[in-house]
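Q: Have a look at the structure that comes next, please.
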Amino acid sequence: MRDFALEQGEYGQWRLAALGVDDTLRSLVIASLFTDRRLIPTDPRPAHVADEILEYSGGCWGDDYPSDGGTPGPQARPRGSLLWTLRRAKQEEETRRLAVLYIDDALRWLIATGRATDVAVDAWWHRPSVLAASIVITQPNGDTWQHDFTMGTT
């Protein structure tokens, strides 16, 4: 799958590269993690999000077009991740656990569409208010691809 090439900025921000295209896991992962997935009532979330949900629930124009190859429409699995809900989360184990869950969930479509056979995720506190994560994706040919990144939570 070819798509616009993306470059990761500092602390989880991303931007379009110089209008290049690529079909690498790098761009697929960045787009999957840093597109704000629509928050639905059954999603696990940090405690501070309860009041904020009325203000912004995320989502993007592509939500009605499933990333897992299913049928388009409002029932489609939303694209992106819920990492955006951690932006003001406290530095707690629950925040780290949710980050791992959100990253893993956002990348499951790679397995469903045959682009990967496994996704392994770990996260830790890099420094105060900065969460670091490591992703290892096993590709169908057995090769592994790893990407580490940091994101601010304040």
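The sequence shown begins at 1 in full-length UniProt numbering and counts up one residue at a time. Glycine included, every Cβ here is placed at the ideal spot set by N, Cα and C. This structure is a prediction, so every number in the text was calculated from the model and none was measured.
Tell me whether L28 sits in a helix, a strand or coil according to DSSP, three-state version.
A: Here L28 sits in helix by DSSP.
Q: In terms of residue numbering, what span does the alpha helix (DSSP H) encompassing A123 cover?
A: Premise fails: A123 lies in the beta strand (DSSP E), D118 to R127, not in any alpha helix (DSSP H).
Q: Mind reading off the beta-carbon distance from G58 to R37? Whole number of angstroms is fine, and I expect it under 8 Å.
A: Rounded, the Cβ-Cβ distance is 6 Å, consistent with contact.
Q: List the residues that DSSP assigns as beta-bridge partners of D105.
A: Paired residue(s): none; D105 is not in a bridge.
Q: Hey, out of W84, L39, R127 and Q139, whose CA is closest to R115's CA?
A: Per the Cα distances, Q139.
Q: May I ask you to list the residues that DSSP assigns as paired with G152?
A: G152 is bridged to V130.
Q: With a Cβ-Cβ cutoff of 9 Å, do T85 and L39 count as a contact?
A: Contact: yes.
Q: One question on the structure: do L83 and A106 come within less than 9 Å of each other, judged by their Cβ atoms?
A: Yes, these two residues count as a Cβ contact at 9 Å.
Q: Put T113 into one of helix, strand or coil per three-state DSSP.
A: Reduced to three states, the DSSP call for T113 is coil.
Q: Taking its Cβ as the centre, do 16 or more other Cβ atoms sit within 10 Å of W124, making it buried, or is it exposed?
A: It is exposed - the Cβ of W124 has fewer than 16 other Cβ atoms within 10 Å.
Q: What does the alpha-carbon distance come out to for the pair S134 and T150?
A: Roughly 9 Å between the two C-alpha positions.
Q: Can you tell me which of the three DSSP states T138 falls into?
A: Strand at T138.
Q: For S129, which residues of its own chain have a beta-carbon under 8 Å away from its beta-carbon, when the five flanking residues on both sides are left out?
A: So the qualifying residues of the chain are Q91, G152, T153 and T154.
Q: Could you please give me the residues that DSSP links to D36 through a beta bridge?
A: In the DSSP output, where bridge partners are listed per residue, D36 has S81.
Q: Return yes when the Cβ of R79 is within less than 9 Å of the Cβ of S32, no when it is not.
A: Yes. Within cutoff.
Q: Based on Cα-Cα distance, which residue from I111, D122 and T117 lies nearest to G142?
A: Cα-wise, what sits closest to G142 is T117.
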